[in-house]
Amino acid sequence: MKFSRNNIAAFLAILFHLCGVIGILCTPYKDWFIHNTPLDLFLMACLLIWTQPVKNISFFLFIALSFFVGMGTEMIGVHTGSLFGHYEYGNLLGAGFNGVPWLIGLNWFIIIFCSASAMQQVHEWSQKKFESAGSSMPPRIAALSLIIDGALLATFFDWLMEPVAIKLGFWQWKNGEPPLYNYICWFMISLLLLILFRRCRLTQANHFAVHLFIIQLLFFLSLRIFL
Numbered sequence: 002m003k004f005s006r007n008n009i010a011a012f013l014a015i016l017f018h019l020c021g022v023i024g025i026l027c028t029p030y031k032d033w034f035i036h037n038t039p040l041d042l043f044l045m046a047c048l049l050i051w052t053q054p055v056k057n058i059s060f061f062l063f064i065a066l067s068f069f070v071g072m073g074t075e076m077i078g079v080h081t082g083s084l085f086g087h088y089e090y091g092n093l094l095g096a097g098f099n100g101v102p103w104l105i106g107l108n109w110f111i112i113i114f115c116s117a118s119a120m121q122q123v124h125e126w127s128q129k130k131f132e133s134a135g136s137s138m139p140p141r142i143a144a145l146s147l148i149i150d151g152a153l154l155a156t157f158f159d160w161l162m163e164p165v166a167i168k169l170g171f172w173q174w175k176n177g178e179p180p181l182y183n184y185i186c187w188f189m190i191s192l193l194l195l196i197l198f199r200r201c202r203l204t205q206a207n208h209f210a211v212h213l214f215i216i217q218l219l220f221f222l223s224l225r226i227f228l
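Note that our numbering has the sequence shown beginning at 2, numbered continuously upward.
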C-alpha cells in the first residue's frame, strides 16, 4: 500500500470518526468524545489543506471567504433569526465571537469544499462518458451543475447533521427542530459559496475531500439512526 498524503489523511479521518461513533454510542465516555469535537473539526480542516494538490492564493482566499461568509451569516441568524431561523449555540464547540463559535466558520469551509470536490469528481466521470460517446457537456451546463448540485449536496449534509447536532448539544432551535427556512437559507448561501469556488478556479481535484465527505456522511448517518 502506498503511503500517500491522501491515504494517510483518509486513514486518520476514518480512525477519528470511527472512534467517535463507538465512543458516543458504546462507551461510558460519551461526554469526553463530544467535548473533543472541536479537535476533530480542526484536524479535518488541516488534513484538507495538507492534501490540497495546489496551495495557491485562490485556495487560501476561498478558505477565508468561506470562513467569513459562514461566520457572518451565522451571526445574523443567531441574533436576528432572519437567516436559518431562531437558534443558539451551546458551549461545546469552544470559543467564538458574537455568539458564534469560530469552528462554525471553519465547518462551512469543510462542508462546501468537500461538496464541491465531490461534484467535481462526478463531473469528471460524466465528461469521460460524454467523450467516449463522441459528445461533450456544454461548459455552461457543467458550471451550473457544479454550483446547483453542490449546493443541494451541502444542504442534504446539513439535513442529515441537524438532528445529531441537536441531540449532542451543539446548538438548539427555539421550536425544538429546524424549520424549512433553515434549509432554504443553507441552499442559497451554499450556492453563493460555490459560485466563489468556481470563480477561484480550484480545478485540481482533492481526492481526500471526497473521502472526507463520505466519511462524515456515514458518521452522522450512524449517529442519526442509533443515537
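Note that the Cβ used here is the ideal one computed from N, Cα and C, for glycine as well.
CB contact flag (Gly21, Lys31, <8 Å): Mapped onto the sequence shown, residue 21 falls at position 20. Mapped onto the sequence shown, residue 31 falls at position 30. Their beta carbons are not under 8 Å apart, which means Gly21 does not touch Lys31 by this criterion.
Closest residue to Lys175 among Tyr88, Phe131, Leu19 (Cα-Cα distance): As a working note, residue 175 is residue 174 in the sequence shown. Ranking Tyr88, Phe131, Leu19 by Cα distance to Lys175 puts Tyr88 first.
Contact under 8 Å by Cβ, Met120 with Phe131: For the purposes of this step, residue 120 is identified with residue 119 of the sequence shown, where counting begins at 1. For the purposes of this step, residue 131 is identified with residue 130 of the sequence shown, where counting begins at 1. No, the Cβ-Cβ distance between Met120 and Phe131 is not below 8 Å.
Residues near Lys168 by beta carbon distance below 7 Å, same chain, minus five either side: Taking the sequence shown and counting its residues from 1, one reaches residue 168 at position 167. Correct list, in chain order: Leu228.
Boundaries (first-last residue) of the alpha helix (DSSP H) holding Tyr182: In the sequence shown, counting from the first residue as 1, residue 182 sits at position 181. Element bounds for Tyr182: 181-200.
Backbone CA spacing between Asp159 and Val165 [nearest angstrom]: Position 158 of the sequence shown, counted from the start, is the residue given in the question as residue 159. Position 164 of the sequence shown, counted from the start, is the residue given in the question as residue 165. So the two alpha carbons sit approximately 10 Å from each other.
Under the three-state DSSP convention, the category Gly95 falls into: The residue given as residue 95 occupies position 94 in the sequence shown. Gly95 falls in the coil class under three-state DSSP.
Gly151 and Ala206 closer than 8 Å at C-beta: Here the question's residue 151 lines up with position 150 in the sequence shown. Here the question's residue 206 lines up with position 205 in the sequence shown. No, the pair does not count as a contact, with Cβ atoms beyond the cut-off.
Stretch-stretch touch, CB-based, cutoff 8 Å, three pairs: the region 97-107 with the region 69-80: Contact between the region 97-107 and the region 69-80 is established, with three or more Cβ pairs separated by less than 8 Å.
Stretch-stretch touch, CB-based, cutoff 8 Å, three pairs: the region 200-217 with the region 48-62: Because the criterion of three Cβ pairs below 8 Å is met, the region 200-217 and the region 48-62 touch.
Spatial neighbours of Asn7 in its chain, beta-carbon cut-off 7 Å, leaving aside the 5 residues before and after: Residue mapping note: residue 7 aligns to position 6 of the sequence shown, counting from 1. Cβ-Cβ distances below 7 Å link Asn7 to Thr52, His208, Phe209 in the same chain, with the five nearest sequence neighbours on each side left out; the list follows chain order.
Candidates Met189, Asn183, Lys129: closest to Glu163 by CA position: In the sequence shown, the residue the question calls residue 163 occupies position 162. Ranking Met189, Asn183, Lys129 by Cα distance to Glu163 puts Asn183 first.
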